[in-house]
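What follows is one structure encoded as structure tokens, with my remarks underneath.
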DNA sequence: GTCTATATGGCGATAGAC
DNA sequence: GTCTATCGCCATATAGAC
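In structure tokens form, the structure reads like this:
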């Protein structure tokens, strides 16, 4: 059952806007395209959301919040550092596999308007320091002797995000633009990154 | 001596366009801003380059080509795999430190218009497979027993690029938006990534 | 070659009929 | 609430004086 079939006009607009904004960005998106995608007239978007800026902010806030909450869950779980990291990789890979445009979208929009960050973190109730400090404390006492957890987390996310955002380039130079082979590359990558991380923290 | 002081009008336009395009992207850039940055009138840009698209392509082709050539040099050098990788990290860190906006710029523009890639690789004379195959061959016989060199290179670039492109977010949540501390974080990161890579390939 | 002034088109936003 | 028609602005691009 397609959820959008029975949804209200406002929900249809929101879903369409989400798709268009995420793939084209705030500047690249067109209100006309969102209207087409939602199967209605352009004027209706303004009737419900008054401006493109408003519509964008509604979409971006939700995406940003959900994405960061998801990151927190694995790191806040009750487990050893090693287990946490493996769980984190599992969940993060699934997250970006099913939302491949989101990481680049968030990075681009934050860089375009960095002032969004402060208000966004405040409004969304995200407390990243809580997550990171907790990770810090556990890590220091345990297996991670000489590794700064910040560097480790940055490395893991970078290893996972880069092949997604740079997909067109890598798919071209590695696999002669073969989409299926690249999907396989991404699939096997989860275990490979896990092994790399294990080597890093266990050495 | 500022090179732009004595350069021709066309060179001034090119340099200004490079700065604006790299930081704002093709869609975000404005011809007026490029003209202001070059210290001249908007009409002159069209006199020399005819269209925004033309000017952009001239800039993008150069940046793309130079960036990928630079990557190749380290991996094509005569050395062991380990030495190659360390040299590659050294050069790549320096490259993106002095061109922090370029990686995101390239990724964005390629994703916006993936068809650019084929013609670009052809025109620029880049042969990435040569580089990668060479790396493959050396790697297989040597220390990298169970590691796919493709995954390793993707991991390294991801580890290095991510803290640059996601800087506003990471600087905020890690260091309360302290710019100096984040610069230090980036500086120490070169050696940290080297150590991580060594653990990965030596385990 | 370099400027000012203007044409042209696209997009966000609004007015107003239904 | 939903549509058609249109306004007004801004950005690329061009015309034409100097």
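Chains as they are written, first to last, in the numbering used here: chain A, 1 to 203; chain B, 204 to 406. Cβ coordinates follow ideal geometry from the N, Cα and C atoms, glycine included.
Beta-carbon separation of residue 310 of chain B and residue 166 of chain A under 7 Å? yes
Cβ of residue 182 of chain A less than 7 Å from any chain B Cβ? no
Would you say residue 155 of chain A lies against chain B (beta-carbon separation less than 7 Å)? yes
Select from the region 367–385 of chain B all residues with a C-beta closer than 7 Å to any C-beta belonging to chain A, and list them in chain order. 368, 369, 371, 372, 373, 375, 376 and 377
Burial state of residue 279 of chain B (16 or more Cβ within 10 Å): exposed
In or out: residue 358 of chain B buried (at least 16 other Cβ within 10 Å) or exposed? buried
Check whether the region 282–294 of chain B touches the region 391–403 of chain B, counting contact only when three or more Cβ pairs, one atom from each stretch, lie closer than 8 Å. yes
For the putative contact between residue 327 of chain B and residue 276 of chain B, defined by C-beta atoms under 8 Å, what is the C-beta separation to the nearest angstrom? Contact flag wrong, Cβ pair sits at about 15 Å.
Roughly how many whole angstroms lie between the Cα atoms of residue 122 of chain A and residue 305 of chain B? 30 Å
Does DSSP put residue 148 of chain A in a helix, in a strand, or in coil? coil
Between A:186, A:150, A:50 and A:26, which lies nearest to residue 374 of chain B when the distance is taken from Cα to Cα? A:150
Taking 6 Å as the limit between beta carbons, can you name the residues of its chain near residue 14 of chain A, skipping five residues before and five after? none
Straight-line Cα distance separating residue 126 of chain A from residue 261 of chain B: 43 Å
Anyone know if the C-beta pair for residue 313 of chain B and residue 163 of chain A falls short of 7 Å? no
Tell me the residue span of the alpha helix (DSSP H) that contains residue 250 of chain B. 245–252
Return the CA-CA distance between residue 205 of chain B and residue 148 of chain A, expressed in angstroms with no decimal places. Because residue 205 of chain B sits at a pLDDT of 49, beneath the cut-off of 50, its placement in the model cannot be relied upon, and the following sentence gives the value as read from the coordinates. Those two C-alpha atoms are separated by around 40 Å.
Smallest Cα separation from residue 207 of chain A: which of A:47, A:55, A:81 and A:157? Lying outside 1 to 203, the shown extent of chain A, residue 207 of chain A is not represented and no answer is given.
Is residue 17 of chain A near the ligand ADP, going by C-beta to nearest heavy atom under 6 Å? Among the ligands in the structure shown, none appear at all, so the ligand ADP cannot be discussed.
Just checking: is the beta-carbon of residue 216 of chain B within a distance shorter than 7 Å of some beta-carbon in chain A? no
Would you call the CB atoms of residue 308 of chain B and residue 225 of chain B closer than 7 Å? yes
As a quick exercise: from A:37, A:31, A:40 and A:82, pick the residue whose alpha carbon is nearest that of residue 51 of chain A. A:31
Members of the region 309–322 of chain B near chain A, C-beta cut-off 9 Å: 309, 310, 311, 313, 314, 315, 317, 320 and 321
Alpha carbon to alpha carbon, how far is residue 63 of chain A from residue 159 of chain A? Give it in angstroms, no decimals. 21 Å
Residue range of the unbroken alpha helix (DSSP H) whose run includes residue 39 of chain A: Counting along the chain, residue 39 of chain A falls outside any alpha helix (DSSP H), and DSSP gives it neither H nor E.
Short CB-CB distance (under 7 Å) between residue 399 of chain B and chain A: yes
Taking only three categories from DSSP, how would you classify residue 72 of chain A? helix
Distance check for residue 117 of chain A and residue 61 of chain A, CA to CA, integer angstroms please. 10 Å
Using the Cα positions of residue 396 of chain B and residue 69 of chain A, report the straight-line distance between them to the nearest angstrom. 27 Å
Just the Cα atoms here: how many angstroms apart are residue 302 of chain B and residue 219 of chain B? 15 Å
Rounded C-alpha distance that separates residue 349 of chain B from residue 41 of chain A: 56 Å
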